[in-house]
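Scroll down for the structure; my scribbles are underneath it.
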Amino acid sequence: MPQTAVGQPSVSAFHAEQKPPYAGTLNPDMNDNLHQLRCFGCGARVEGAKSSPDFRCSLCGDLFEVEYPGWVERKGHDRPNPGALKWLWRERRCSSEALDNSGVWRFRELLPILESFGDAVTLREGNTPLYHLPRASKALGIDQLYAKHQGMNPTGSFKDTGMTSALSVAKERGFEWVACASTGNTSASMAAYAARAGMRSLVLIPDGKIAWGKLAQAMDYGAVTCQLKTDFDGCMKILTKVVKEARIYLLNSVNPYRLEGQKTPAFEIAEAFDWNVPDHLIVPGGNLGNSSALGKGFREMRELGLVGRLPRISVIQAAGANPLVRSMADNRGATLEPVEAHTRATAIRIGNPASWRKAARVIQETDGWCLDVTEAEIAIAKAELGSEGLGCEPASAVTLAGLKKLRARGAVASGETVVLVLTGHTLKDADYTIDFHRGTLLTDEEKVGNEALIESLRRNAIVVEATPEAVLATIKGRVQ
Ligand code: F0G
5 MPQTAVGQPS VSAFHAEQKP PYAGTLNPDM NDNLHQLRCF GCGARVEGAK SSPDFRCSLC
65 GDLFEVEYPG WVERKGHDRP NPGALKWLWR ERRCSSEALD NSGVWRFREL LPILESFGDA
125 VTLREGNTPL YHLPRASKAL GIDQLYAKHQ GMNPTGSFKD TGMTSALSVA KERGFEWVAC
185 ASTGNTSASM AAYAARAGMR SLVLIPDGKI AWGKLAQAMD YGAVTCQLKT DFDGCMKILT
245 KVVKEARIYL LNSVNPYRLE GQKTPAFEIA EAFDWNVPDH LIVPGGNLGN SSALGKGFRE
305 MRELGLVGRL PRISVIQAAG ANPLVRSMAD NRGATLEPVE AHTRATAIRI GNPASWRKAA
365 RVIQETDGWC LDVTEAEIAI AKAELGSEGL GCEPASAVTL AGLKKLRARG AVASGETVVL
425 VLTGHTLKDA DYTIDFHRGT LLTDEEKVGN EALIESLRRN AIVVEATPEA VLATIKGRVQ
């Protein structure tokens with residue numbers, strides 16, 4: 005079966021010429037391809053295809069958001085029927101069509117960004133598992149604690165949900181080249197989707213500060229991979245200039261179509277709770293596209309009457325890469341001072357996040373928290389998640405580390421339903437995990453106060469003689 009959905013509308017897709025039997029109840033007009041880009045800063049509006057190549061407003065320099073004017077204009081009985089939409093989205097999971105199998109495109113009524121959904125490039129992203137965390141629940145005294153594991157996407161990170169949407173736009177608009185600056189996951193994802201679409205991809209990554217698993221993916225999927233002697237923020241600056249010089253489509257999360265795909269895990273989470281949103285969602289913060297996208301997803305669901313309220317959305321950063329935490333503490337997110345970023349959680353080693361204004365709004369409108377966690381706290385939380393059978397990247401583990409801090413402060417009640425968004429797969433950065441278990445990851449200074457806990461979580465490999473007796477001797481005393 006082809007991985008790329010070409011041409012054929014699925015049984016349940018909405019096409020004017022091919023209305024499904026339930027079209028009347030669902031209001032197919034909702035699928036009109038009527039979107040525009042609205043500047044987050046000054047409110048200026050441009051047509052989707054007319055934004056500048058760096059996706060910055062020509063009037064004020066801020067970023068755009070995709071907006072669907074039809075949703076606002078239609079009121080009362082002309083609004084989509086929430087019950088019918090929910091039924092349709094669930095039904096699509098049983099369809100054999102590629103588009104319906106995608107956890108992004110099965111919600112396509114809420115992201116009508118393509119002229120034709122036949123242009124969608126999909127690797128069957130999304131539909132990721134929501135796991136209960138029994139041990140962390142018990143340790144923290146929170147019954148309803150879950151992890152939405154976005155590392156279970158086709159290239160091992162949440163980026164796939166946004167890549168399918170934005171790269172499909174690039175393909176539909178006739179681009180041959182796509183590009184991104186990346187701490188690793190965006191490049192892995194972009195390279196894979198570009199390869200599926202038969203497009204070329206250009207990757208700019210910081211030299212030496214990227215996990216091997218991610219670099220390996222970009223190479224394998226055929227990207228032109230440039231390691232630049234600068235950090236992520238430097239790569240981003242250079243790429244912004246490159247896309248103004250050549251016809252190359254920028255696929256970083258400044259591209260508002262990325263966020264359209266990345267908002268869909270919010271729909272999946274709501275669906276998993278039978279459309280009762282959890283009390284609290286905790287997200288790692290790097291370039292801050294993901295928190296912005298999830299916030300948009302929940303906001304739109306509420307506007308369309310699919311859910312009754314918003315969850316509190318909190319953003320956690322690494323202490324060495326915490327520009328948003330500082331901004332929120334200093335001036336409630338009015339201005340942001342870039343920092344020189346340092347953290348072993350290389351995915352979020354970002355000092356000048358592009359989407360900080362959007363993320364600040366999400367935190368404010370949902371009454372969320374924004375805090376940072378230390379290198380030791382990240383490593384401990386990652387090992388704790390590992391011991392639940394749920395590996396993740398260090399950048400993802402900031403969520404559990406942040407929750408522990410919030411719980412200790414009394415900011416999260418025991419009766420709350422909490423969802424941690426785990427953004428990347430554990431195999432992306434195996435070096436980090438091995439260094440932790442070998443005891444070489446953290447310095448003595450970083451470990452202070454946590455030495456015993458760290459020792460209790462370490463599981464180093466043991467060199468054993470090649471005999472059954474020697475193997476049995478290693479588990480003696482541990483077997484009941
Ligand atoms: N977690 C992981 C595993 C990531 O790869 C990233 C970002 C984040 C969290 C932060 O998400 O930027 O939306 O706030 N990685 C980007 C990249 C920057 O290039 O792969 P964010």
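Numbering follows the numbering used here, with no gaps: position 306 of the sequence shown is 310.
Just so it is clear, CB atoms sit at the ideal spot from N, CA and C, and this is done for glycine as well.
- prompt: Can you tell me whether R348 is buried or exposed, with buried defined as 16 or more other CB within 10 angstroms of its CB?
  reply: Within the sequence shown, the letter at position 344 stands for residue 348. Flag for R348 reads buried.
task: Count the other C-beta atoms from every protein chain shown that fall within 10 angstroms of the C-beta of H39, then say buried if there are 16 or more, exposed otherwise.
output: If you number the sequence shown from 1, residue 39 lands on position 35. With 16 or more other Cβ atoms within 10 Å, it is buried.
task: Verify the contact flag: E275, CB atom, against every heavy atom of the ligand F0G, threshold strictly below 8 Å.
output: For this step, residue 275 is matched to residue 271 along the sequence shown. Incorrect: E275 has no Cβ contact closer than 8 Å to the ligand F0G.
CB contact flag (Y261, V366, <9 Å): Residue 261 sits at position 257 when you count from the first residue of the sequence shown. Residue 366 sits at position 362 when you count from the first residue of the sequence shown. Taking 9 Å as the Cβ cut-off, Y261 and V366 do not qualify as a contacting pair.
query: Should the stretch 178–190 be called in touch with the stretch 236–254, which here means at least 3 C-beta pairs below 8 Å?
result: yes
message: Between which two residues does the beta strand (DSSP E) holding S205 run?
response: Residue numbering aside, residue 205 sits at position 201 when the sequence shown is read from its first letter. Start and end: R204 to P210.
Where the beta strand (DSSP E) through E341 begins and ends: For the purposes of this step, residue 341 is taken as residue 337 along the sequence shown, with counting starting at 1. Run containing E341: none; DSSP gives neither H nor E here.
- prompt: Near D371, what residues of its chain come up, given a Cβ to Cβ distance below 6 Å and the 5 sequence neighbours on each side ignored?
  reply: Here residue 371 is taken as the residue at index 367 of the sequence shown, counted from 1. Closer than 6 Å at Cβ, skipping near neighbours: R316.
- prompt: Any chance the stretch 109–129 sits against the stretch 382–393, with 3 or more Cβ pairs inside 8 Å?
  reply: Three or more beta-carbon pairs separated by less than 8 Å are not found between the stretch 109–129 and the stretch 382–393, which leaves the two stretches without contact.
message: Closer than 8 Å is the cut-off here; do at least three beta carbon pairs connect the stretch 42–58 with the stretch 273–293?
response: Using a Cβ-Cβ distance cut-off of 8 Å, the stretch 42–58 and the stretch 273–293 are not in contact, since fewer than three pairs of beta carbons, one from each stretch, lie closer than that value.
- request: Drop a sphere of 10 angstroms on the beta-carbon of R361, count the other beta-carbons inside from all chains shown, and report buried for 16 or more, exposed for fewer.
  value: For this step, residue 361 is matched to residue 357 along the sequence shown. Burial call: buried.
query: Relative to the C-alpha of D123, which residue among A201, P138 and S56 is closest?
result: On the sequence shown, residue 123 is found 119 positions in, with the first residue counted as 1. Cα-wise, what sits closest to D123 is A201.
field: Candidates L285, A345 and A358: closest to T244 by CA position
entry: In the sequence shown, residue 244 corresponds to position 240, counting from 1. Nearest neighbour of T244 by Cα position, chosen from L285, A345 and A358, turns out to be A358.
task: Taking P288 as part of the beta strand (DSSP E), name the residues at either end of that continuous run.
output: On the sequence shown, residue 288 is found 284 positions in, with the first residue counted as 1. Counting along the chain, the beta strand (DSSP E) containing P288 begins and ends at H284 to P288.
- request: Just the C-alpha distance for A434 and G217, rounded to the nearest angstrom, thanks.
  value: Your numbering for residue 434 matches position 430 in the sequence shown. Your numbering for residue 217 matches position 213 in the sequence shown. Spanning the two alpha carbons is a distance of roughly 8 Å.
message: Please classify T159 as buried or exposed, where buried requires at least 16 other C-beta atoms within 10 Å of its C-beta.
response: The sequence position of residue 159 within the sequence shown is 155, counting from 1. Under this definition T159 is a buried residue.
- request: Have a look at I286 and C230 and give me their C-alpha separation to the nearest angstrom.
  value: To locate residue 286, count along the sequence shown from 1; it is residue 282. To locate residue 230, count along the sequence shown from 1; it is residue 226. Spanning the two alpha carbons is a distance of roughly 33 Å.
query: Taking the alpha carbon of V76 as the point to measure from, which residue in W373, E307, G238 and D235 has its own alpha carbon closest?
result: Sequence index remark: in the sequence shown, residue 76 carries index 72 (1-based). Taking only the C-alpha atoms, the option nearest V76 is E307.
message: Can you look up D33 in the DSSP assignment and give me helix, strand or coil?
response: Numbered from its first residue, the sequence shown carries residue 33 at position 29. Here the model assigns D33 a pLDDT of 45, short of 50, so the residue's position is not dependable, and the following value carries that caveat. Reduced to three states, the DSSP call for D33 is helix.
- prompt: Quick one: what's got a C-beta closer than 7 Å to I214's C-beta in the same chain, skipping five residues either side?
  reply: In the sequence shown, residue 214 corresponds to position 210, counting from 1. Same-chain partners within the cutoff: T187, G188 and T350.
task: Report the option in E455, V422, T165 and F121 whose CA atom is closest to the CA atom of R177.
output: Here residue 177 refers to the residue found at position 173 when the sequence shown is read from its first residue. For the residues E455, V422, T165 and F121, the minimum Cα distance to R177 belongs to F121.
query: Who are the Cβ neighbours of N356 in its own chain at under 6 Å, not counting the five residues just before and after it?
result: Stepping through the sequence shown from its first residue, residue 356 is reached at position 352. Cβ within range, chain order: D237 and P342.
- prompt: Looking at C-alpha atoms only, which residue of L137, I479 and E95 is the closest neighbour of L426?
  reply: The sequence position of residue 426 within the sequence shown is 422, counting from 1. The option with the nearest alpha carbon to L426 is L137.
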